[in-house]
Amino acid sequence: MRSSVYDCVIIPLRKIHNRAGNITIVEGQKNLSFDIKRIYYLYDIPGGEDRGGHAHKELSQLMVAASGSFNVILDDGINRKVVMLNRPDYGLLVVPGIWRELIEFSTGAVCLVLASEVYLEDDYIREHKIFKNYRFENR
Ligand code: TYD
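Numbering (numbering that gives the first Met the number 0), first residue to last: 0 to 138.
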């Protein structure tokens with residue numbers, strides 16, 4: 000497990016600007032290093048609530064602030080970095096093996112997630128201590 004927070008990069012997405020509004024396109028393989036198998040979105044997040052608080056063993060994701068803004072804390076067991084997402088035409092690639100926390104959602108924020116795999120609870124690590132051990136054992 001060599002992934003690091005520095006592999007989690009911002010990906011600019013194509014934006015077609017129009018007087019009547021904008022459209023942004025994400026295409027698996029073209030924009031991403033994976034095919035999109037699942038899409039989900041977080042919304043109606045009450046003020047002060049956090050999401051995430053887990054890592055994935057195999058899953059890659061692209062997170063987009065489709066509306067509003069939020070911060071993503073990334074942690075690879077050694078390094079931490081915080082990324083603010085506040086534009087629908089930029090996505091954050093989160094590679095496997097990274098602990099993430101989503102915090103400070105603005106009112107009305109929508110976090111759109113494009114995922115490389117279908118939902119699999121066995122792919123989650125939901126305790127930070129177990130995550131640290133997992134990273135240590137797979138270093
Ligand atoms: P979880 O991924 O823990 O949410 P977050 O990281 O945003 O805090 O998922 C919350 C609940 O929803 C959990 O019980 C699992 C379920 N869930 C699915 O059933 N399918 C899915 O695709 C996702 C993302 C979650």
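Glycine included, C-beta positions come from ideal geometry on N, C-alpha and C.
Quantities reported herein were computed from a predicted structural model and do not represent experimental measurements.
- Cα atoms of residue 46 and residue 106: separation of roughly 7 Å, rounded to the nearest angstrom.
- Contact check for residue 66 against residue 83 fails: the beta carbons are separated by 8 Å or more.
- With a cutoff of 7 Å, residue 79 does not count as near the ligand TYD, since its C-beta is closer than that to no heavy atom of the ligand.
- Taking the C-beta atoms as reference points, residue 97 is found nearer than 8 Å to residue 2.
- Assigned with DSSP and collapsed to three states, residue 70 falls in strand.
- Taking all protein chains in view, the Cβ of residue 4 is crowded by 16 or more other Cβ atoms within 10 Å, so the residue is classified as buried.
- The beta-carbon distance between residue 59 and residue 95, rounded to whole angstroms, is 6 Å. This is short enough to meet the 8 Å contact definition.
- In chain order, 21, 23 and 88 place their CB closer than 6 Å to the CB of residue 14, counting only its own chain and leaving out the 5 sequence neighbours on each side.
- Selection around the ligand TYD by beta-carbon proximity, strictly under 5 Å to any non-hydrogen atom, yields 39, 50, 51 and 118 in chain order.
- Only residues of its own chain outside the window of five on either side were considered, and among them 40, 42, 65 and 66 have a CB closer than 6 Å to the CB of residue 109, listed in chain order.
- Per DSSP, reduced to three states, the secondary structure at residue 53 is strand.
- Judged by pairs of C-beta atoms under 8 Å, the stretch 112-120 does not touch the stretch 72-82, as fewer than three such pairs exist.
- Exclusion of the five residues before and after residue 101 leaves 49, 50, 51, 69, 71 and 110 as the residues of its chain whose Cβ lies within less than 7 Å of its Cβ.
- Approximately 5 Å separates the beta-carbon atoms of residue 125 and residue 53; this is inside 8 Å, confirming the contact.
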